[in-house]
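*Asks:*
Numbering (this note's numbering), first residue to last: 291 to 507.
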């Protein structure tokens, strides 16, 4: 799904959450803090690109669930009317409110500052790939691990609650397509995040590719 030229969504109809969401950001795309004044927040909507209605993520899945509709690509990353593109339910997953408004928001703000920082050349593009993860809760044997996660809704239409979320940030020099900087983060979808320091959530690139089942760039 391509809501706009700088946003790509791969949606999993089984979990009813994104597989990944990729943003393409640069200094000309990303609004600076305070630009454009106060913007009205759009309403979340079902994505009719998913033709079979029973496979869609729905507002009813989140009703009185206690979970936020957590953006993978945040609305603040896009200017003007393109903010609306991030309010498709294909771009969200159930997120613990403390996580969404805490360390996850800190990470989103860090990326926006990075895009507009002097570290990033005007010829560079920042690619951000975000998605959910389901990781084992504990080891229960020599080579056995226990998974535990929630589902929201009414059977058979359930949305799966991720145990974690990831973000991959890659800075590419568009002149020669070389990677200038990169960082990978994994954050638990939980009430009490163990640290307020972003560096404590950095993980190895290859480890994240292995658990996510995705090859990044």
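Glycine included, each C-beta is placed from N, C-alpha and C at the ideal position. Fair warning: this is a prediction, and the values are worked out from it, not measured in the lab.
Along the chain, where does the beta strand (DSSP E) that runs through residue 307 open and close?
*Replies:* Numbered from 1 along the chain shown, position 17 holds the residue referred to as residue 307. Segment 307–315, the beta strand (DSSP E) holding residue 307.
*Asks:* Determine which residues share a DSSP beta bridge with residue 385 and list them.
*Replies:* Mapped onto the chain shown, residue 385 falls at position 95. In DSSP, residue 385 forms a bridge with 358.
*Asks:* Is residue 416 closer than 8 Å to residue 404 when the C-beta atoms are compared?
*Replies:* The residue labelled residue 404 in the question sits at position 114 within the chain shown. The residue labelled residue 416 in the question sits at position 126 within the chain shown. Their beta carbons are under 8 Å apart, which means residue 404 touches residue 416 by this criterion.
*Asks:* Excluding sequence positions up to five away, which residues of its chain have a Cβ less than 7 Å from the Cβ of residue 447?
*Replies:* Mapped onto the chain shown, residue 447 falls at position 157. So the list reads 344, once near-sequence residues are dropped.
*Asks:* Enumerated in chain order, which unbroken segments of the beta strand (DSSP E) with a length of 3 residues or greater are wholly contained in the segment 372–453?
*Replies:* Taking only runs of at least 3 residues, the beta strand (DSSP E) segments lying wholly in the segment 372–453 are 382–385, 414–423, 441–444 and 447–450.
*Asks:* Name the residue from 292, 436, 423 and 435 whose alpha carbon lies nearest to the alpha carbon of residue 380.
*Replies:* Translated into the one-based positions of the chain shown, residue 380 becomes position 90. The shortest C-alpha separation from residue 380 is found at 292.
*Asks:* Excluding the five sequence neighbours on either side, which residues of its own chain have a C-beta within less than 8 Å of the C-beta of residue 482, listed in chain order?
*Replies:* Residue 482 sits at position 192 when you count from the first residue of the chain shown. Closer than 8 Å at the Cβ level, and outside the excluded window around residue 482, lie 388.
*Asks:* At the level of alpha carbons, what is the spacing between residue 517 and residue 440?
*Replies:* This structure gives no information on residue 517, because the portion of the chain shown stretches from 291 to 507.
*Asks:* Where does residue 480 fall in DSSP's three states?
*Replies:* Position 190 of the chain shown, counted from the first residue, corresponds to residue 480. The answer is coil: DSSP assigns residue 480 none of H, G, I, E or B.
*Asks:* If you reduce the DSSP assignment to three classes, tell me which class residue 501 lands in.
*Replies:* For the purposes of this step, residue 501 is identified with residue 211 of the chain shown, where counting begins at 1. Three-state DSSP puts residue 501 in a helix.
*Asks:* Label residue 375 either buried or exposed according to how many other C-beta atoms from any shown protein chain fall within 10 Å of its C-beta, with 16 as the threshold for buried.
*Replies:* Position 85 of the chain shown, counted from the first residue, corresponds to residue 375. Buried, by the Cβ-count rule.
*Asks:* Got a sec, what are the start and stop residues for the beta strand (DSSP E) residue 297 sits in?
*Replies:* Taking the first residue of the chain shown as 1, we reach residue 297 at position 7. Segment 297–302, the beta strand (DSSP E) holding residue 297.
*Asks:* What are the start and end residues of the alpha helix (DSSP H) that includes residue 485?
*Replies:* The count along the chain shown starts at 1 and reaches residue 485 at position 195. Note, residue 485: premise wrong, no alpha helix (DSSP H); not H, not E.
*Asks:* Using a Cβ-Cβ cut-off of 6 Å (strictly less than) and excluding sequence neighbours within five positions of residue 451, which residues of its own chain qualify?
*Replies:* As a working note, residue 451 is residue 161 in the chain shown. Correct list, in chain order: 384, 439 and 440.
*Asks:* Just to confirm my understanding: we take residue 412, look at its own chain, exclude 5 residues before and 5 after, and list those with CB closer than 7 Å. What are they?
*Replies:* Within the chain shown, the letter at position 122 stands for residue 412. Only 317 meet the Cβ criterion.
*Asks:* Helix, strand or coil for residue 496? Go by DSSP, reduced to three states.
*Replies:* Working through the chain shown from its first residue, we reach residue 496 at position 206. Residue 496: helix per DSSP, three-state reduction.
*Asks:* Specify, as a first and last residue, the run of the alpha helix (DSSP H) that residue 320 falls within.
*Replies:* Indexing the chain shown from 1 puts residue 320 at position 30. No alpha helix (DSSP H) holds residue 320; DSSP gives it neither H nor E.
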